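First comes the structure, then the notes that go with it.
There are 2 protein chains.
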Amino acid sequence: MARTAVFYHAGCPVCVDAEQQLATSLDPARFELEIVHLGESKDRIAEAERAGVVSVPAIVLEGRPYHINFGASLADVKG
Amino acid sequence: MARTAVFYHAGCPVCVDAEQQLATSLDPARFELEIVHLGESKDRIAEAERAGVVSVPAIVLEGRPYHINFGASLADVKG
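In order, the protein sequence lines correspond to chains B and S.
Heads up: the first sequence is residues 8 to 86, going by my numbering.
Heads up: the second sequence is residues 8 to 86, going by my numbering.
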């Protein structure tokens with residue numbers, strides 16, 4: 008059964024690079040990848056926060072947050 | 008042709024988790040993964056620095072550094 012991977016970003020250059028280089032490099036046989044733009048889907052911010060995301064880009068693998076470099080804080084994304 | 012992925016760590020709990028959850032989740036069809044313990048292989052620290060690594064755990068994909076959460080600074084690994 009595929010595991011869930013949710014990549015949260017906000018369209019920033021660091022985010023785009025992490026998405027192209029890292030998020031899309033996960034094994035598609037093991038992960039079902041969802042990409043969420045928190046700037047456009049602000050209703051998903053609370054969900055990201057509950058998973059422990061404090062900045063973007065971040066990827067949540069089976070509920071655990073992995074922050075990848077630093078693009079913007081979640082506070083900045085909220086605006 | 009497989010692309011190169013080098014995961015640098017220092018044995019810290021954050022490192023071990025990132026290795027198990029993220030580094031080993033890369034698509035094995037596209038990446039050849041090497042795992043380097045910088046605490047044990049101090050001769051590899053300069054190489055990590057040249058790739059832009061400033062903290063561990065980090066993964067370098069085709070020469071570009073992606074820091075994953077924060078375990079320890081490279082300065083601390085040097086001791």
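No residue lacks a Cβ here, since even glycine has one placed at the ideal position from N, Cα and C.
In this text, all values refer to a predicted model and were calculated from it rather than measured experimentally.
query                                                                                                                                                                                    : result
Between the Cα of Glu69/B and those of Glu69/S, Gln28/S, Lys85/S and Gly18/S, spot the shortest distance and give me the residue it belongs to.                                          : Gln28/S
As a quick exercise: from Arg71/B, Pro64/B, Glu54/B and Ala79/B, pick the residue whose alpha carbon is nearest that of Ala30/B.                                                         : Pro64/B
Can you find a CB in chain S that lies within less than 8 Å of the CB of Asp34/B?                                                                                                        : yes
Identify the continuous beta strand (DSSP E) that holds Glu39/S and give its terminal residues.                                                                                          : Phe38 to His44
Give every residue of the same chain whose Cβ lies closer than 7 Å to the Cβ of Leu33/S, excluding the five residues on either side of it in the sequence, and list them in chain order. : Ala12 and Leu40
Go ahead and pull the three-state DSSP assignment for Val61/B.                                                                                                                           : coil
When the Cα of Arg57/B is compared with those of Val84/B, Gly46/B and Arg71/B, which residue comes out closest?                                                                          : Arg71/B
For Ala82/B, count the other beta carbons within 10 Å of its own beta carbon; 16 or more makes it buried, fewer makes it exposed. Which is it?                                           : exposed
Indicate the three-state DSSP secondary structure (helix, strand or coil) for Ala17/S in the structure shown.                                                                            : coil
Does the beta-carbon of Ala55/S have 16 or more other beta-carbons within 10 angstroms, so that it is buried, or is it exposed?                                                          : buried
Could you spell out where the beta strand (DSSP E) holding Ala30/S opens and where it closes?                                                                                            : Careful: Ala30/S lies outside any beta strand (DSSP E) and carries neither H nor E.
So, helix, strand or coil for Ala9/S, using DSSP?                                                                                                                                        : coil
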